[in-house]
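Read the structure below first, then the notes.
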Amino acid sequence: MARPDYQRAKWYGAHSQNYSSANRPSSNPINKIILHITEGSWSSAINWFNDSRAQVSAHYVVRSSDGFIGQCVEEKDIAWHAGNWPVNQTSIGIEHEGFGNDPKWMTDALYNASAQLSAYLCRKYNVPIRHAQSASEQGFLFHRQVTSTHCPGQYFDISRYLRRVRHYAAYRQRVDNANSNRFRASSNWGTSSWNSQRWGKDYRYVRPANVQDAARFKFRIPRRGRYAVFAWWPTDRGYNNRTRFLIRTTDGWKRRVVNQRQNGGRWVWLGTFNMPAGDRWNIRIPRRSSGKGYIIADAVRIVERP
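With the first letter of the sequence shown counted as 1, position 229 gets the number 232 in this note's numbering; the numbers rise by one all the way through.
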């Protein structure tokens, strides 16, 4: 039995007579996602795709009540869902439980689960996150844009859907001080697990000094753009009240000063910055400080803002 490609899905294989075996994306590129509605229950769609008489299938089926996802055809194979062979060859088909003339089926659970699935597919196959206007374009298409049908009905809000896809597809990376490949600090920086507000198993600390001895965090920024930067540290009255963070931007290094006697044990937004693409040491915590107390280096998170 095949395993689901998408880790949040459960495998429910379609009958072998309802799809075409292939080796995509080597045999055909995957550059479209076709949105459908089942016109019936989730289970009826799953069962129908497993019936040799159906002569139809889709890669995924999303349940309305809770967003549960079943996978019926492997992504490498060609599901018969669009009624258009060239489109089938280059697309992933996603069925959504419901009826096209009844808006109650379009739940938040369904939108969120499907958008997360689509975000995964867009990242994996580099599918553009946009509503394509014709079957010859790459991106997202309603079934009715490909063949004569009303599917997925009048209540599928494509703008709402794509906003969520963009949100889930956005680059995000977290670097903890314990990550030896992406964190660097000299032996002058001590290691402690004393403060329970830490992120992970420990954090680094050092007394301020007028020396070049910064702790550094390395991030792989996929493309030039806007990124929100967050930092995590534990709080104590003996920590520094003027800790500096330096952020690499397209306009050079930007400085943010924080009070590490406050806001411990949570992600603190340092700002949103235009950052260059590349795998670099993008965040620094220098030892220079006009404040008093230990400087803490714990964890940093960067999130793309499309």
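Even glycine gets a Cβ: it sits at the ideal position worked out from N, Cα and C.
Fair warning: this is a prediction, and the values are worked out from it, not measured in the lab.
Kindly indicate which three-state DSSP category Trp88 falls into: helix, strand or coil?
helix
Of the residues Ser67, Gly267, Thr252 and Asn198, the one placed nearest Asn115, counting alpha carbons only
Ser67
Can you have a look at Pro89 and say buried or exposed, based on whether 16 or more other CB atoms are within 10 angstroms of its CB?
exposed
Starting from the N-terminal side, write out each stretch of the beta strand (DSSP E) that is 3 residues or longer and does not extend beyond the segment 70-126.
72-74 and 94-99
Please specify which runs of the alpha helix (DSSP H), each continuous and at least 4 residues long, are wholly inside the segment 143-200, giving them in chain order.
161-172
Could you tell me the alpha carbon to alpha carbon distance between Glu42 and Glu100, rounded to whole angstroms?
7 angstroms
Can you have a look at Thr150 and say buried or exposed, based on whether 16 or more other CB atoms are within 10 angstroms of its CB?
exposed
Could you pull the DSSP bridge partners for Trp235 from this structure?
Ala302
Could you give the first and the last residue of the continuous alpha helix (DSSP H) run that contains Asn50?
Trp45 to Phe52
Exposure label - Ser293; buried when at least 16 CB within 10 Å
exposed
Would you tell me roughly how many angstroms separate the C-alpha atoms of Gly70 and Ala212, rounded to the nearest one?
53 angstroms
Using CA atoms only, rank isn't needed, just tell me which of Val303, Asn34, Trp14 and Lys295 is closest to Ala138.
Asn34
Contact defined as beta carbons within less than 8 angstroms: I believe Ala188 pairs with Arg167. What is the distance between those atoms, to the nearest angstrom?
The pair is not a contact, with the Cβ atoms about 38 angstroms apart (cut-off 8 angstroms).
Do the segment 287-302 and the segment 238-255 touch if we need at least three Cβ pairs shorter than 8 angstroms?
yes
Return helix, strand or coil for Asn129, following the three-state DSSP convention.
coil
Exposed or buried, Arg304, counting other C-beta atoms within 10 Å across all chains shown (16 or more means buried)?
buried
Beta-carbon separation of Asp80 and Ser24 under 8 angstroms?
yes
Candidates Phe102, Gly103, Glu98 and Glu77: closest to Gln92 by CA position
Glu77
For Ser19, which beta-bridge partners are listed by DSSP?
Looking at the DSSP assignment, Ser19 forms no beta bridge with any residue, so it has no partner.
So, using beta-carbon positions, are Pro146 and Ala85 closer together than 8 angstroms?
The residue you asked about is not Pro; residue 146 is His in the sequence shown. Yes; because the gap between Cβ atoms is below 8 angstroms, this pair is in contact.
The beta strand (DSSP E) enclosing Gly267, as first and last residue numbers:
Where Gly267 is concerned, there is no enclosing beta strand (DSSP E), given that its DSSP letter is neither H nor E.
If Ile288 sits next to Ala217, beta carbons under 8 angstroms apart, how far is it from one beta carbon to the other, in whole angstroms?
6 angstroms
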